[in-house]
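Inspection log for the structure reproduced underneath, given as structure tokens.
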Amino acid sequence: MPNAYISGTGSFVPPNVVTNDELREKYGIDTTNEWIVKRTGIEARRFSERGIATSDLGLEAAKKAIANAKIEPHDLDLIIFATLSPDHAFPGSGVYLQQKLGLCDGPNAKFVPALDVRNQCSGFLYSLATATSFVKSGAAKHVLVVGAETHSAALDLTTRGRGIAALFGDGAGAVVVSATEEDRGIRSFKLGADGRHADALAQRVWDIKKRPFIDVDENGNGLVPASDLWANMDGKLVFKNAVERMTTVLMETLLAQGWTGNDIDLFLFHQANLRINQYIADMLAIPPEKTIHNIQRYGNTTAATIPLLLDEANQTGRLTPGTKVALVAFGSGFTWGSCLLEW
Ligand code: ACO
Numbered sequence: 003m004p005n006a007y008i009s010g011t012g013s014f015v016p017p018n019v020v021t022n023d024e025l026r027e028k029y030g031i032d033t034t035n036e037w038i039v040k041r042t043g044i045e046a047r048r049f050s051e052r053g054i055a056t057s058d059l060g061l062e063a064a065k066k067a068i069a070n071a072k073i074e075p076h077d078l079d080l081i082i083f084a085t086l087s088p089d090h091a092f093p094g095s096g097v098y099l100q101q102k103l104g105l106c107d108g109p110n111a112k113f114v115p116a117l118d119v120r121n122q123c124s125g126f127l128y129s130l131a132t133a134t135s136f137v138k139s140g141a142a143k144h145v146l147v148v149g150a151e152t153h154s155a156a157l158d159l160t161t162r163g164r165g166i167a168a169l170f171g172d173g174a175g176a177v178v179v180s181a182t183e184e185d186r187g188i189r190s191f192k193l194g195a196d197g198r199h200a201d202a203l204a205q206r207v208w209d210i211k212k213r214p215f216i217d218v219d220e221n222g223n224g225l226v227p228a229s230d231l232w233a234n235m236d237g238k239l240v241f242k243n244a245v246e247r248m249t250t251v252l253m254e255t256l257l258a259q260g261w262t263g264n265d266i267d268l269f270l271f272h273q274a275n276l277r278i279n280q281y282i283a284d285m286l287a288i289p290p291e292k293t294i295h296n297i298q299r300y301g302n303t304t305a306a307t308i309p310l311l312l313d314e315a316n317q318t319g320r321l322t323p324g325t326k327v328a329l330v331a332f333g334s335g336f337t338w339g340s341c342l343l344e345w
């Protein structure tokens with residue numbers, strides 16, 4: 003059975019920087035830089051322009067990851083696209099990315115399977131676990147895993163929506179997971195979910211139990227009340243569960259692997275809230291030099307946070323052969339996961 007390892011990383015964030023002060027000055031939101039920084043650590047985020055789709059952000063990150071892996075798009079055997087903000091309700095963003103990568107063009111078209119994963123903040127880790135299984139089973143040699151989000155299009159950028167609008171930003175990260183006979187790579191995973199809290203962080207734009215699924219006027223136009231249109235969140239419940247679940251799943255994965263926290267060189271936590279991550283680091287006595295964060299610059303980019311961090315670590319020389327890395331995430335669902343790997 004081959005091992006699976008991350009052979010390339012890439013990332014992309016839109017150039018438009020929106021600071022906390024700009025949320026107030028440009029969008030008229032009743033908020034302050036101090037409020038947001040104190041509770042979340044976020045100082046700015048990126049918003050992409052109208053006309054840009056999530057698959058476009060994913061494309062830029064994917065191209066870099068493919069180049070970094072020293073392969074061509076046609077070497078891919080599978081595309082996995084993690085997002086909660088897909089281009090459309092259906093089909094998934096994976097098939098748009100496949101087209102944009104040029105895989106459907108010309109006599110050498112390669113119609114590789116494309117799969118979307120809808121697991122929100124833990125979507126990247128669920129996708130990485132899926133890619134690893136494909137590679138280890140021999141079903142794929144190179145799998146592209148993308149985490150990308152366009153939150154800016156679906157935030158209530160008014161004072162009414164400030165509790166959520168201040169938290170999220172746009173961005174994309176990607177990795178290529180490849181087969182190797184070398185003794186390295188992705189060592190273990192643990193994933194979990196607790197559907198009892200499915201409604202604690204949700205965007206219920208439509209309700210399929212209704213007939214039709216969205217209320218319509220006499221002309222057939224959809225009518226969505228603000229309470230359903232925008233995401234809603236029980237922030238305190240999310241905070242509490244994120245701390246508990248991320249700590250527990252990390253400890254369980256380390257135990258199962260026979261490693262301790264001291265063995266880990268780099269901890270990459272999902273970037274939902276700097277306070278959540280500081281809490282976990284304090285509880286597990288993880289020194290600050292063993293973590294990196296980008297939430298200050300990008301806000302919460304959901305499925306993109308961990309691949310963005312991985313690319314940053316890769317580009318800055320933090321990942322060298324043998325470096326032991328722990329990835330941990332928690333999010334809507336609730337869903338969570340942890341992955342241990344050896345670079
Ligand atoms: N600026 C100013 N005031 C605000 C803002 C804002 N951006 N947002 C909310 N407020 C106000 C509220 O209206 C409320 O006012 P009121 O007391 O007059 O009613 C007050 O601040 C307190 O609001 P709370 O929601 O109770 O604030 P809390 O201390 O819980 O902090 C926060 C909110 C930061 C979201 C916190 O609950 C949290 O971090 N939770 C974790 C959730 C999270 O990280 N979610 C990310 C997505 S999930 C994931 O990726 C894991």
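Position one of the sequence shown corresponds to residue 3 (the working numbering), numbered consecutively onward.
Where is the CB? At the ideal position from N, CA and C, for every residue including glycine.
- Put simply, the stretch 8-20 does not touch the stretch 134-142. Fewer than three CB pairs are less than 8 Å apart.
- Not one heavy atom of ligand 1 lies closer than 8 Å to the C-beta of residue 285.
- Bounds of the beta strand (DSSP E) holding residue 118 are 116-119.
- For the set 24, 28, 175, the Cα lying nearest the Cα of residue 35 is the one of 24.
- Between the C-alpha atoms of residue 187 and residue 298 there is a straight-line separation of about 29 Å.
- Per the coordinates, the alpha-carbon of residue 119 lies some 24 Å from the alpha-carbon of residue 216.
- DSSP lists 340 as the bridge partner or partners of residue 192.
- Pairing residue 151 with residue 265, the inter-Cα distance amounts to about 32 Å.
- For the stretch 84-128, the full-length beta strand (DSSP E) segments reaching 3 residues or more read 116-119 along the chain.
- For residue 312, the uninterrupted alpha helix (DSSP H) segment begins and ends at 307-317.
- Contact annotation, residue 174 with residue 148: C-beta distance approximately 7 Å; criterion of less than 8 Å satisfied.
- Pairwise C-beta distances place the stretch 45-58 in contact with the stretch 288-304, as three or more of them are shorter than 8 Å.
- In this structure, ligand 1 has no non-hydrogen atom nearer than 8 Å to the beta-carbon of residue 129.
- Per DSSP, the beta-bridge partners of residue 180 are 7, 144.
- When only Cα atoms are considered, residue 286 and residue 176 end up about 28 Å apart.
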